[in-house]
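Written below as structure tokens is the structure these notes are about.
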Amino acid sequence: MLEPIRPEEGWGVLHLFLRVDHAAVPSLAPGAAKEFADVLERWSERTQLHVFSVLGHKADVMLMAIDADLSLLRALQTEVQATQAAPAVRLTWSYLSLTEGSEYMQTPEEYREYLASEGVEGEDLDRRVEQFAERMTKYTDDKLHPRMPAWELACFYPMSHRREGADNWYSLDFPERRRLMHDHGKSGRAYTGRILQLVSGSTGLDEWEWGVTLFAHDLADVKDIVYTMRYDEASARFAEFGDFVIGLRRSPADLVTEIGL
Ligand code: 76R
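Residue numbers (the numbering used here): 6 to 266.
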């Protein structure tokens with residue numbers, strides 16, 4: 006393995022989309038499907054790898070790999086493509102992003118001012134600010150170093166913020182952007198326990214500005230949150246979306262059967 010390449014901040018998030026060429030399957034070597042499944046199994050132990058089979062024509066397989074080391078993600082990409090199943094497995098799309106914290110969260114200093122304005126003072130004030138700071142540190146750590154649980158469904162789509170006339174996100178001032186993201190967060194929190202989102206940044210890395218991966222137990226919740234958020238000002242005025250891909254979580258062994266390898 007080559008030297009690790011680790012971004013100063015954030016982990017790499019690599020989505021790989023594979024398609025099966027069924028015409029090539031009959032001439033694969035006998036152990037090809039098993040080798041492909043074994044590679045996914047082995048990588049699941051080595052990194053955070055989420056394996057999905059995909060509904061629709063955009064792909065047959067979606068792999069989502071999250072790791073601090075970009076060399077490792079690159080090695081995974083090679084191994085997935087270089088099994089004996091290679092003649093029937095095409096990498097048709099991919100998406101690269103990095104995990105990131107949020108620039109819009111309240112700082113401990115702001116929280117202190119807010120509490121003081123509510124009449125909190127002395128040791129009580131210090132204690133509450135300290136607790137808040139600890140929560141924020143944990144929050145940022147969770148954002149930068151996510152451990153995504155094995156929920157049954159995934160929805161992936163890339164998005165950007167619009168830059169058009171009056172609807173230019175990047176010419177809004179900071180307080181306005183923060184207000185919009187605050188409202189967005191509030192509407193998102195109504196889905197706690199039903200939707201888990203990983204929004205990873207891809208400005209300068211891929212064609213859109215973020216990759217959005219939603220994990221869910223129920224596909225109706227995916228439809229519901231994306232629909233509801235369209236009405237949030239942050240999305241209604243400022244969001245543009247790419248293709249949507251829906252995946253069903255599978256073990257590597259079930260995956261190869263389901264995709265007909
Ligand atoms: O994590 C937090 O709770 C803090 C509030 C928050 C931020 C800063 C938050 C909450 N998001 C933030 C940032 Mn989000 N998010 C999306 C999409 O389909 C669409 O309309 C948009 C795609 C969804 C579905 C979603 C869900 N979010 C962002 C950003 C970065 C903006 C920037 O930096 O300029 C984008 C692009 C984005 C997009 N968001 C939440 C959710 C959900 C469910 C939450 C609540 C999470 C929770 O439980 O706390």
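Virtual Cβ for every residue (Gly too), placed ideally from N, Cα, C. Predicted model only: the values in this text are computed from it and were never measured.
Considering only the alpha carbon of each residue, which of Glu212, Pro113, Asp65, Val44 lies closest to Thr142?
Here the closest residue by C-alpha is Pro113.
Please go through the stretch 98-128 and give each complete alpha helix (DSSP H) segment of 4 or more residues, from N-terminal end onward.
Whole alpha helix (DSSP H) segments, 4+ residues: 113-122.
Would you say the beta carbon of Ser76 is closer than 7 Å to some non-hydrogen atom of the ligand 76R?
No, the beta carbon of Ser76 sits no closer than 7 Å to any heavy atom of the ligand 76R.
Just to confirm before moving on: does the CB-CB distance between Lys63 and Gly106 stay below 8 Å?
Cβ distance not < 8 Å, so Lys63 and Gly106 don't count as in contact.
Please name the residue in Leu260, Glu139, Thr104 whose C-alpha comes closest to that of Gln111.
The candidate whose alpha carbon is nearest that of Gln111 is Glu139.
Can you check the stretch 25-81 for any beta strand (DSSP E) of at least 3 residues that lies completely inside it and give the ranges in chain order?
Counting only runs of 3 or more, we get 53-59, 66-72.
Name the two residues that bound the continuous alpha helix (DSSP H) containing Glu181.
Residues 179-194.
Curious, which full-length beta strand (DSSP E) runs of at least 3 residues does the stretch 140-181 contain?
For the stretch 140-181, the full-length beta strand (DSSP E) segments reaching 3 residues or more read 158-166 along the chain.
For Ala87 versus Leu33, is the C-beta distance shorter than 8 Å?
Judged by beta-carbon spacing, Leu33 lies beyond the 8 Å limit of Ala87, meaning their Cβ atoms are not closer than that value.
CB of Cys160 within 8 Å of CB of Ala225, strictly
No, these two residues do not count as a Cβ contact at 8 Å.
Rounded C-beta distance between Ser301 and Met234? I'm assuming under 8 Å.
Because the chain is modelled from 6 through 266, residue 301 falls outside the range shown and cannot be assessed.
Assuming the contact rule is C-beta atoms closer than 8 Å, Val56 and Arg255 should be a hit. Round their C-beta distance to whole Å, please.
Sure, about 6 Å apart at Cβ, within 8 Å.
Would you kindly report the start and end of the unbroken beta strand (DSSP E) that includes Glu245?
Its beta strand (DSSP E) spans residues 244-246.
Is Ser58 closer than 8 Å to Gly252 when the C-beta atoms are compared?
In this structure, the beta-carbon distance from Gly252 to Ser58 falls below 8 Å.
Which of helix, strand or coil DSSP assigns to Leu224
It is helical.
Secondary structure at Arg95, three-state DSSP: helix, strand or coil?
Note: Arg95 maps to strand in three-state DSSP.
If you measure from the CB of Glu108, is any heavy atom of the ligand 76R nearer than 7 Å?
Result yes, Cβ under 7 Å from the ligand 76R.
Among Pro151, Gly36, Tyr116, Thr145, whose alpha-carbon lies nearest the alpha-carbon of Val18?
Minimum Cα distance to Val18 is reached at Pro151.
For Ser205, the residue or residues it bridges with in DSSP:
In the DSSP assignment, the residues bridged to Ser205 are Gly216.
Just to confirm, is the Cβ distance from Leu21 to Gln82 under 8 Å?
Contact flag set, yes.
In this structure, does DSSP put Phe249 in helix, strand or coil?
Coil at Phe249, not helix or strand.
Is the beta carbon of Glu245 less than 8 Å from the beta carbon of Arg182?
Not a contact, by the Cβ cut-off of 8 Å.
Ser240 classed as buried or exposed, judged by whether at least 16 other C-beta atoms fall within 10 angstroms:
The residue in question, Ser240, is buried, as its Cβ has 16 or more Cβ neighbours within 10 Å.
Give the straight-line distance between the Cα atoms of Ala28 and Pro35, rounded to the nearest whole angstrom.
Taken atom to atom, the span from the alpha-carbon of Ala28 to that of Pro35 is near 15 Å.
Could you please give the first and the last residue of the uninterrupted alpha helix (DSSP H) stretch that includes Thr262?
Counting along the chain, the alpha helix (DSSP H) containing Thr262 begins and ends at 257-263.
Count Cβ pairs between the stretch 36-48 and the stretch 258-265 that sit closer than 8 Å; are there 3 or more?
Taking one beta carbon from each stretch, the stretch 36-48 and the stretch 258-265 have 3 or more pairs nearer than 8 Å; the two touch.
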